[in-house]
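Have a look at the structure below, then the notes.
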Amino acid sequence: MIKVEFSSQFLLSKVYSILLEGTIGYILLDSLYKGTYQSLENLSQKNYISLRTIQRKLRELNTILKNYHLSCSLKKGNPIEGEEYRIRYFFHLMYWQSFDENHSDILSSIKNKRQLLEKFAKHAPYTRSIDRKKWISLLRISLQRMKQGHPITYVPEEMNKFVHPLITKEEFTHYILEPFFEANFWSMNHITPTEQAYLYFMFGVMNTYLEEDLLDAPDKIQESWGWIESSIVENFEKKFKISFTTSEKNYLSVNLAMIHLYSRVFGTKKKVDAFGKSAEDRDFQHIFPVMYPIMQQFFSGVARRIPELNTYYEKNRRLIFQYCMLVRDIFIKHEQPVIFYIQSKYGKTQELWAKKRILSMTERPIKYSASADQLPDIVISDYPIDQTAYDQTNTQIFYWNGQPTKNDWARLKAEIIKIRNEKNRSILEKLDFVN
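Anchor point for the sequence shown: position 120 equals 141 in this note's numbering, and the numbering is continuous, going up by one each time.
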């Protein structure tokens, strides 16, 4: 028998990155980005791969590129064909898939990186450290493409009209763009209004904005994002029978707008990686077993009244999944608590200790019932109890040791999650998404 043990430092994503970087498609695109590509023969010799295999892989690569409205022909002066803003977006996705903070050619090539990241943190405090590294990587990709003679000459209207919720275009240029390009010896004279529009747009849609990020924004910020986002927020309240606070509405409106803008501009039927791997509905439902099918029903009902949403979905099959991600924390705040009752032969102090630990074991709503007569969702006991009182109820009986073991706590946590999911499912399935 062979036994495999993984180190605590093992990362599946790192294995994925290594495999990705070893593919001929990645190697070819990387050489085109860096300007080191010479010929197919040279590529074949350096990587010990036959020309026939490379040509076959190039056809496979074009299948992936087509999904991003691009193509690759090594017989042409500019091997990658397509709008420049799409080319930069694709390179950004490609390198971000294999991002390793310790081994990033893009990050290591940036001058004054630490000072720039500190400046970005000061003027964009709503971004996380990883967001700032992601953003500065995109800036470096843009700089590389401009140095190679590939300026952006066209952007869609969504980019030209874009307004960031927390920073003006003038502030963005002064505090974000100018420091970066000056530090990396590139004149701002090369940053045309079209380049600026692209970078300003990307700075906005690449980020997610939490409620606390938007506290300093206008109280009615959601009204500035158009009727589609406002209508969806209203339908969330109506269909899910929830009354949102102003900050919750701001959060939903702003992030829905970012998701929709991103879908319209960079829409692809399948978001695939260099392996051709894509996520399907079953993958999304695995993450949201209760919410995803319910959100599909909600989306279908709203899309009948807002046909534009069907177009967004055709361009972005992750859209419903993104809705689930967006509303999760808000719905958790409004969900019904799991109610538990606990009794122990080991005395009041043992019972009190267990009760406090149960209340602190999850951030999801959970409530203690002082009496079993109130029909809690779960009764926890360390001795056999009369179960006939619960025969006609949904109350679950959970037995564990008087001194609960690690395994007992794991079983209890799993049972509470199961009860919560069933409770939420029962409530959600009664909702009407048609009328």
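Heads up, the beta-carbon is just placed ideally off N, CA and C, and yes, glycines get one too.
Check: By DSSP, does N228 sit in helix, in strand, or in coil?
Finding: coil
Check: Are there 16 or more other CB atoms within 10 angstroms of the CB of K260, so buried, or fewer, so exposed?
Finding: buried
Notebook entry, point to check: With distances taken between CB atoms, is the gap from I327 to I249 smaller than 8 Å?
Noted result: A Cβ-Cβ contact shorter than 8 Å links I327 with I249.
Next item on the list: Give a yes or no on whether the C-beta atoms belonging to S392 and F361 are separated by under 8 Å.
Entry: no
Checklist line | Nearest-angstrom Cβ-Cβ length linking N256 and V323, presumed shorter than 8 Å | finding: Taking the Cβ atoms as the reference, N256 lies roughly 5 Å from V323, within the contact range of under 8 Å.
Checklist line | S251 vs S268 beta-carbon contact at 8 Å | finding: no
Item checked: Assigned secondary structure, T414 (DSSP; H/G/I helix, E/B strand, else coil) -> coil
Next item on the list: Rank Q165, L160, E179 by C-alpha distance to the C-alpha of F201 and give the top, closest one.
Entry: Of Q165, L160, E179, the residue nearest in Cα terms is L160.
Margin query: I'd like to check one pair, I418 with I406: are the Cβ atoms closer than 8 Å?
Written below: yes
Notebook entry, point to check: What are the boundary residues of the beta strand (DSSP E) that Y362 is part of?
Noted result: Here the beta strand (DSSP E) through Y362 covers 359-364.
Note to self: According to DSSP, simplified to helix, strand and coil, what is N133?
What the structure shows: When secondary structure is reduced to three states using DSSP, N133 falls in the coil class, being assigned neither helix nor strand.
Next item on the list: Using the Cα positions of H171 and K55, report the straight-line distance between them to the nearest angstrom.
Entry: Spanning the alpha carbons of H171 and K55 requires a straight line of approximately 13 Å.
Next item on the list: From the DSSP output, read off the bridge partner residues of E102.
Entry: In the DSSP assignment, E102 forms a beta bridge with S92.
Notebook entry, point to check: Taking buried to mean at least 16 other C-beta atoms within 10 Å of its own C-beta, is G46 buried or exposed?
Noted result: buried
Notebook entry, point to check: Based on Cα-Cα distance, which residue from W207, L282, F222 lies nearest to R166?
Noted result: W207
Check: If you scan the segment 381-447 from start to end, which runs of the alpha helix (DSSP H) of 4 or more residues do you find wholly inside it?
Finding: none
Item checked: Heavy atom of the ligand NAP within 7 Å of S34 beta-carbon -> Absent from the structure shown: the ligand NAP. Ligands present: none.
Next item on the list: Helix, strand or coil for N205, going by three-state DSSP, please let me know.
Entry: coil
Note to self: Quick check on the DSSP output: the alpha helix (DSSP H) that includes H185 runs from which residue to which?
What the structure shows: Neither: H185 is in no alpha helix (DSSP H) and is coded neither H nor E.
Next item on the list: Look at the Cβ atom of I162, then the Cβ atom of E216, and state whether they are nearer than 8 Å.
Entry: no
Next item on the list: Measure the alpha-carbon distance for L114 versus K354 and round it to whole angstroms.
Entry: Taking the straight line joining both Cα atoms gives about 33 Å.
Next item on the list: Give every residue of the same chain whose Cβ lies closer than 6 Å to the Cβ of E42, excluding the five residues on either side of it in the sequence, and list them in chain order.
Entry: S119
Next item on the list: Can you say whether Y230 is buried or exposed, counting buried as having 16 or more other CB atoms within 10 angstroms of its CB?
Entry: Result: buried.
Next item on the list: Provide the residue span of the alpha helix (DSSP H) that contains Y334, from first to last.
Entry: 329-336
Check: Pick from T84, E104, L53: whose alpha carbon is nearest that of L95?
Finding: The alpha carbon of L95 has as its nearest neighbour, out of T84, E104, L53, the alpha carbon of L53.
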